[in-house]
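See structure below.
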Amino acid sequence: MPFLSLPFHRLRYEDTGGHKPALVFCHSFGMRAEMFAPQLRHFAATHRCIVWDQRAHGESAAEHPFGFWDSARDLIALLDHLGIDRAAVAGTSQGGFVALRAALLAPSRIASVAVFGSSIDAESEATREAYRALVAEVQASSFEAPPLQAIEAMAHVCFGPDFDAGAWKRSWQSWNPVQWQLAFDALAGRDAIAPLVGALRMPVLVMHGTRDNAYPIEVGRRIAAAIAQARCVEVEGGQHFLSITDPDVVNRTLAAFLAEHAQRAPERLQSALTSS
1 MPFLSLPFHR LRYEDTGGHK PALVFCHSFG MRAEMFAPQL RHFAATHRCI
51 VWDQRAHGES AAEHPFGFWD SARDLIALLD HLGIDRAAVA GTSQGGFVAL
101 RAALLAPSRI ASVAVFGSSI DAESEATREA YRALVAEVQA SSFEAPPLQA
151 IEAMAHVCFG PDFDAGAWKR SWQSWNPVQW QLAFDALAGR DAIAPLVGAL
201 RMPVLVMHGT RDNAYPIEVG RRIAAAIAQA RCVEVEGGQH FLSITDPDVV
251 NRTLAAFLAE HAQRAPERLQ SALTSS
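Numbering of the sequence shown is given in this note's numbering, commencing with residue 1 and proceeding in unit increments.
Written out as structure tokens, the structure reads:
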């Protein structure tokens, strides 16, 4: 995969290219671009698909502390680098934090947003404490062998009890502790954007599993209620990382959402021209 060089870090990305509508996928905490392999297989025929490793994940090492507003600016910089004026953006969990912040920073660049198992709130103090305990276990262990208990706990939250997450657990075992800490600090220390998202005017799809172990279903409903053009699709029995554990329903629902709003886009443009 190529890299985008920025002043203090570089971002690894993959671009399927072409002149089709652009669709950018933003991964979740602890993951990397490859988490969207099921989506790339589904959408590459109809969209120019872009996946990327966010700061402190995969091959996009971070040199300094950062927040998700910084990651949102990274996303916009990636669009600039690729010469993409406007894109649909989809994100799982942390990827949703980034996608919504990018939409707030550059609404003219973001055609639509889809978030899976995400939130518009800051982390609760109880969740922060649980995360801190998890990170403390990892930081106290050797680089080669983070504690299995911490890895298993993270897998349970992200994938649920029935999904075979062996490949991702092995990936977490090789995650550099310094990068883990930087990524965790961004996750646990993020601000709430609930007071801001009401300003968004693009279509927003919220998908949330009823068995999400990170954010209860009410969290997804709260996103949809806060944004005028948002709707929430509840996935019965769905886990936190829906795009991996429930790829068929995610792909089908996202494809319908993108097709619907691609058809409506010329109507909105014509309406704007008529009223101007």
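Beta carbons: idealized from backbone N, C-alpha and C, even for Gly. Since the model is a prediction, treat every value here as computed from it, not as a measurement.
Requested in this report: Please report the Cβ distance between F159 and T245, rounded to the nearest whole angstrom; I am assuming they are in contact, meaning their Cβ atoms lie under 8 Å.
Outcome: Mapped onto the sequence shown, residue 159 falls at position 159. Mapped onto the sequence shown, residue 245 falls at position 245. Indeed, because the Cβ distance is near 6 Å, the residues count as touching under 8 Å.
Query - Assigned secondary structure, T253 (DSSP; H/G/I helix, E/B strand, else coil) - result: As a position in the sequence shown, residue 253 is number 253, starting the count at 1. Helix.
Query raised in the report: Sorry if obvious, but does the Cβ on R48 come closer than 7 Å to a heavy atom of the ligand NAD?
Result: In the structure on display, the ligand NAD does not appear, and there are no ligands present to speak of.
Query raised in the report: From which residue to which residue does the alpha helix (DSSP H) around G96 run?
Result: Here the question's residue 96 lines up with position 96 in the sequence shown. Counting along the chain, the alpha helix (DSSP H) containing G96 begins and ends at Q94 to L105.
Query raised in the report: Taking the alpha carbon of C232 as the point to measure from, which residue in S112, V206, I84 and L40 has its own alpha carbon closest?
Result: On the sequence shown, residue 232 is found 232 positions in, with the first residue counted as 1. Minimum Cα distance to C232 is reached at V206.
**Report entry** Boundaries (first-last residue) of the beta strand (DSSP E) holding M207
**Finding:** Within the sequence shown, numbered from 1, the residue matching residue 207 stands at position 207. It spans V204 to G209 - the beta strand (DSSP E) in which M207 sits, taken as one unbroken run.
Query raised in the report: Out of curiosity, what's the CA-to-CA distance linking D162 and A155?
Result: Locating residue 162 in the sequence shown gives position 162, where the first residue counts as 1. Locating residue 155 in the sequence shown gives position 155, where the first residue counts as 1. If you take the alpha carbons of D162 and A155, they lie about 10 Å apart.
Query raised in the report: Helix or strand or just coil, what does DSSP make of I50?
Result: The residue you call residue 50 lines up with position 50 of the sequence shown. I50 falls in the strand class under three-state DSSP.
Query raised in the report: How would you label S5, buried or exposed, when you count the other beta carbons within 10 angstroms and need 16 or more for buried?
Result: Position 5 of the sequence shown holds residue 5. Classification of S5: exposed, given that the 10 Å Cβ count is below 16.
Query - Cβ separation of V68 and R109, assumed to be a contact under 8 Å, to the nearest whole Å - result: Against the sequence shown, residue 68 aligns to sequence position 68. Against the sequence shown, residue 109 aligns to sequence position 109. Note on residue identity: the sequence assigns Phe, not Val, to residue 68. So it is not a contact: roughly 17 Å between Cβ atoms.
Query raised in the report: Can you name, in chain order, every residue of its own chain whose Cβ lies under 6 Å from the Cβ of S119, other than the five neighbours on each side?
Result: Position 119 of the sequence shown, counted from the start, is the residue given in the question as residue 119. If we look at S119 and ignore the five residues flanking it on each side, its Cβ neighbours are Y215 and V219.
Report task. Would you kindly check if the distance between the Cβ of A114 and the Cβ of A87 is under 8 Å? Result -> Mapped onto the sequence shown, residue 87 falls at position 87. Mapped onto the sequence shown, residue 114 falls at position 114. No, the pair does not count as a contact, with Cβ atoms beyond the cut-off.
Query raised in the report: For D164, which of Q239, T210 and H208 has the nearest alpha-carbon?
Result: As a working mapping, residue 164 is identified with position 164 in the sequence shown. Checked all of Q239, T210 and H208; the closest Cα to D164 is Q239.
Report task. Can you tell me which of the three DSSP states E125 falls into? Result -> As a first step, residue 125 must be located in the sequence shown, where it is residue number 125. E125: helix per DSSP, three-state reduction.
Query - N-terminal and C-terminal residue of the alpha helix (DSSP H) that R222 is part of - result: Residue numbering aside, residue 222 sits at position 222 when the sequence shown is read from its first letter. Segment I217 to A226, the alpha helix (DSSP H) holding R222.
Query raised in the report: Going by DSSP, which residues form a beta bridge with Y131?
Result: The residue given as residue 131 occupies position 131 in the sequence shown. In DSSP, Y131 forms no bridge with anything.
Requested in this report: Go ahead and pull the three-state DSSP assignment for S108.
Outcome: For this step, residue 108 is matched to residue 108 along the sequence shown. Residue state, collapsed to three classes: coil.
Query - D185 versus R128 - alpha carbon distance - result: As a first step, residue 185 must be located in the sequence shown, where it is residue number 185. As a first step, residue 128 must be located in the sequence shown, where it is residue number 128. Rounded to whole angstroms, the separation of the alpha carbons of R128 and D185 is 10 Å.
Query raised in the report: Relative to the alpha-carbon of P177, which residue among L200, Y13, H57 and C26 has its alpha-carbon at the smallest distance?
Result: Position 177 of the sequence shown, counting from 1, holds the residue named residue 177. For P177, the nearest C-alpha among the options comes from H57.
Report task. Identify which residue in H64, P21, A103 and H208 has its Cα closest to the Cα of A180. Result -> Position 180 of the sequence shown, counted from the first residue, corresponds to residue 180. Note that residue 180 is Trp in the sequence shown here, rather than Ala. When only C-alpha atoms are compared, the closest one is H64.
Query raised in the report: From which residue to which residue does the alpha helix (DSSP H) around L242 run?
Result: As a first step, residue 242 is located in the sequence shown; it is residue number 242 there, counting from the start. L242 to T245 is the extent of the alpha helix (DSSP H) around L242.
Requested in this report: Starting from A311, follow the beta strand (DSSP E) in both directions and report where the run begins and ends.
Outcome: Coverage of the chain is limited to positions 1 through 276, which leaves residue 311 absent and any answer about it impossible.
Query raised in the report: With distances taken from CA atoms, which of A225, I227, L242 and Q229 is nearest T210?
Result: Against the sequence shown, residue 210 aligns to sequence position 210. Checked all of A225, I227, L242 and Q229; the closest Cα to T210 is L242.
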